[in-house]
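Chains as they are written, first to last, in our numbering: chain H, 1 to 336; chain S, 1001 to 1336.
Yeah, the Cβ is synthetic: ideal placement off N, Cα and C, and Gly gets one too.
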DNA sequence: CTGTTAGCGCGTTCAA
DNA sequence: TTGAACGCGCTAACAG
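Okay, structure coming up:
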């Protein structure tokens, strides 16, 4: 850490610390000449005000926290990218916290953050989160909070998400249009609203086309081995599906693995569509049809909204609840 | 931010602030009874000491910075994962900064970090970094610094990397063993030591087997379109390669795209191996043989070394320069 | 074992 | 236009 501070800078210049402080912050009550002199020396010595002193004095950290389930997932890393871009432009710093989908960890993290370390929090909740008390407490404390992607419906906080119900509907419909008669849903177990929204989209579509769903909804978990067993059972059952709608990328991958093992041909025997932000799905065998979420934009928007709240600007209604459209990238896995 | 502080807590308990502070930090000079009483109330009120005041007083932020070229890359997100795990266990916070491979941004970030905001920095340098002055300055300032993956050889700072030369040698040799006679190298342009180490491994292997390299070394850049043109030219040239060694994942992907477009068959006409930490390369058409770096371990080790330096523990020689082995995952892209 | 005092470095009074 | 004094909240040195 640089041992140079305001006081030393002031001594060098034969000025008081307060004058130097004001000059550096561009105060209008300092003569241009002094400002120039101060800034020149500060630049020369590479002076940077001590952020802790500054934060303490101003009750403002210039830092935000991003709380994520995981980072080894293209969706979340794209979000981080968007967040970091906006933050860097605003001169903000970004703390990253990973919950690894563990409720206890999420609680701990939010607890620790309720002390002025950050000016605001962005969170995508873990899929094992069963209570919202920890989130309510943050909210009650007045610390700006924004949800993205995995939102908690019942908490009145700005949220940035995608049109999951609609996208799932269209994705399922896409399979119908491609001739599927029995479409299965692979989803992650848990209470996430995002899961139920995607399920609803799937159910709505099947209802519209009068198609069956019995025995076609499979709840998966975090363990690949277990998931592959479940999918194997589904495909080897008495009445197997001819189409699969995977609510998350991971499950499409498990499906590909199972199909390869069982010798099930995609798309002739089974068509697959999945939510995924992985661009290399284009190189899969066969290329995977995906529903792509605008992750980078979600990160940017969530950060932008958070900064607006931090700066106490009033949000327009669209910013309290912004919904970005996903889009389908059609590839061979749902081809003729 | 919680409006409750040490002083208020002390008043409630009829104790002095310093006693409360000591009690909360488990000082041995406080009676067990007082400790219990203090901790109970602190817990009840959800008291968290103000981190800025604490950091200011102790000249210690309990925060580290990770500076990365990008996060939308499995290697770096796995590293982040490792770092975050270690940091969370140590009670440290992690700031993330992305350079997007821009030298100017890297300089700015390091400049801003030289003021006590963090207790240490981990960095993987950008591929456009042409000077080391900004890194030397950090190092001279005494702020703990650790390089990972993309290291700067000439700066005497602990580093965590992989056996790139050796891995590239083995990767190239793998192509030779699979029958390739003309092996091309696709690498990223720039001054990164990691690039030259991988190139050296390639060259050593070809030398060992007395194979030609003329016209087979292609320097690529960040633009996919340009890279595909370069690769197309290589494959359509008078004397095309029958094997490709891609120094980074991105270039293997560009190669797959070009091969698909040109109708070049992998592996019969062209075999490919690439550095990559993307597990879904197993689902590529054909599955891609990869050289996998232990990214998570690199992140953990780099963080662990950084914490050791921060705590002024002396490093054993192996920690000043730790080298992790990569391993080849053989798949169909280099198959018979 | 506990309290008093002082100061980390800054930004903001209030005074000149 | 500038300076002196104060306090943000915490912890460490120094009493007792």
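Which residues in chain S sit within 7 Å of residue i, going by Cβ to Cβ distance?
{"i": "residue 299/H", "result": "Result: empty, since nearest Cβ-Cβ is about 11 Å, beyond 7 Å."}
{"i": "residue 333/H", "result": "Ordered by position in chain S, no residue passes the 7 Å Cβ test against residue 333/H, which lies about 11 Å from the chain."}
Could you confirm whether any beta carbon from chain H is found closer than 8 Å to the beta carbon of residue i?
{"i": "residue 1077/S", "result": "yes"}
{"i": "residue 1322/S", "result": "no"}
{"i": "residue 1124/S", "result": "no"}
{"i": "residue 1053/S", "result": "yes"}
{"i": "residue 1046/S", "result": "yes"}
{"i": "residue 1112/S", "result": "yes"}
{"i": "residue 1256/S", "result": "yes"}
Buried or exposed for residue i, please, with buried defined as at least 16 other CB atoms from any protein chain shown within 10 angstroms of its CB.
{"i": "residue 295/H", "result": "buried"}
{"i": "residue 1104/S", "result": "exposed"}
{"i": "residue 250/H", "result": "buried"}
{"i": "residue 1164/S", "result": "buried"}
{"i": "residue 1057/S", "result": "exposed"}
{"i": "residue 114/H", "result": "buried"}
{"i": "residue 1069/S", "result": "buried"}
{"i": "residue 1198/S", "result": "buried"}
{"i": "residue 1261/S", "result": "exposed"}
{"i": "residue 1236/S", "result": "exposed"}
{"i": "residue 1127/S", "result": "buried"}
{"i": "residue 119/H", "result": "buried"}
{"i": "residue 1025/S", "result": "exposed"}
{"i": "residue 1174/S", "result": "buried"}
{"i": "residue 201/H", "result": "buried"}
{"i": "residue 150/H", "result": "buried"}
{"i": "residue 1089/S", "result": "exposed"}
{"i": "residue 238/H", "result": "exposed"}
Which residues of chain S have a Cβ atom closer than 8 Å to the Cβ of residue i, listed in chain order?
{"i": "residue 363/H", "result": "The question about residue 363/H has no answer here: the residues shown for chain H are numbered 1 through 336."}
{"i": "residue 50/H", "result": "1056, 1115, 1116"}
{"i": "residue 253/H", "result": "1280, 1283"}
From the DSSP output, which residues share a beta bridge with residue i?
{"i": "residue 321/H", "result": "159/H"}
{"i": "residue 1188/S", "result": "1220/S"}
{"i": "residue 65/H", "result": "95/H, 121/H"}
{"i": "residue 1145/S", "result": "1121/S"}
{"i": "residue 1047/S", "result": "Answer is none; residue 1047/S lacks a bridge partner."}
{"i": "residue 103/H", "result": "In DSSP, residue 103/H forms no bridge with anything."}
{"i": "residue 274/H", "result": "246/H, 290/H"}
{"i": "residue 327/H", "result": "292/H"}
{"i": "residue 1183/S", "result": "1243/S"}
{"i": "residue 1284/S", "result": "284/H"}
Counting contacts by CB-CB distance shorter than 8 Å, is residue i in contact with chain S?
{"i": "residue 134/H", "result": "no"}
{"i": "residue 84/H", "result": "yes"}
{"i": "residue 95/H", "result": "yes"}
{"i": "residue 202/H", "result": "no"}
{"i": "residue 1/H", "result": "Its pLDDT being 42, under 50, residue 1/H is placed unreliably by the model, and the measurement read from it follows with that caveat. Answer yes: the Cβ-Cβ gap between residue 1/H and chain S drops below 8 Å somewhere."}
Starting from the beta carbon of residue i, find every residue of chain S whose beta carbon is closer than 9 Å, and list them in chain order.
{"i": "residue 285/H", "result": "1283, 1284, 1285, 1286, 1287"}
For the ligand GTP, is there a heavy atom less than 7 Å away from the beta-carbon of residue i?
{"i": "residue 1178/S", "result": "You won't find the ligand GTP in this model; it holds no ligand whatsoever."}
Please list the partners that residue i has in chain H, where partner means a Cβ-to-Cβ separation under 9 Å.
{"i": "residue 1092/S", "result": "The premise fails here: residue 1092/S is roughly 10 Å from chain H at the closest Cβ pair, so nothing lies under 9 Å."}
Run through chain H and tell me which residues come within less than 8 Å of residue i, C-beta to C-beta.
{"i": "residue 1061/S", "result": "52"}
What is the C-beta distance between residue i and residue j, in whole angstroms, given that I count them as a contact (C-beta under 8 Å)?
{"i": "residue 253/H", "j": "residue 1283/S", "result": "7 Å"}
{"i": "residue 1183/S", "j": "residue 1245/S", "result": "6 Å"}
{"i": "residue 73/H", "j": "residue 1072/S", "result": "So it is not a contact: roughly 10 Å between Cβ atoms."}
{"i": "residue 1331/S", "j": "residue 1270/S", "result": "With a Cβ gap of about 14 Å, residue 1331/S and residue 1270/S do not count as contacting."}
{"i": "residue 1299/S", "j": "residue 1048/S", "result": "Not really, about 28 Å apart at Cβ, beyond 8 Å."}
{"i": "residue 116/H", "j": "residue 1052/S", "result": "7 Å"}
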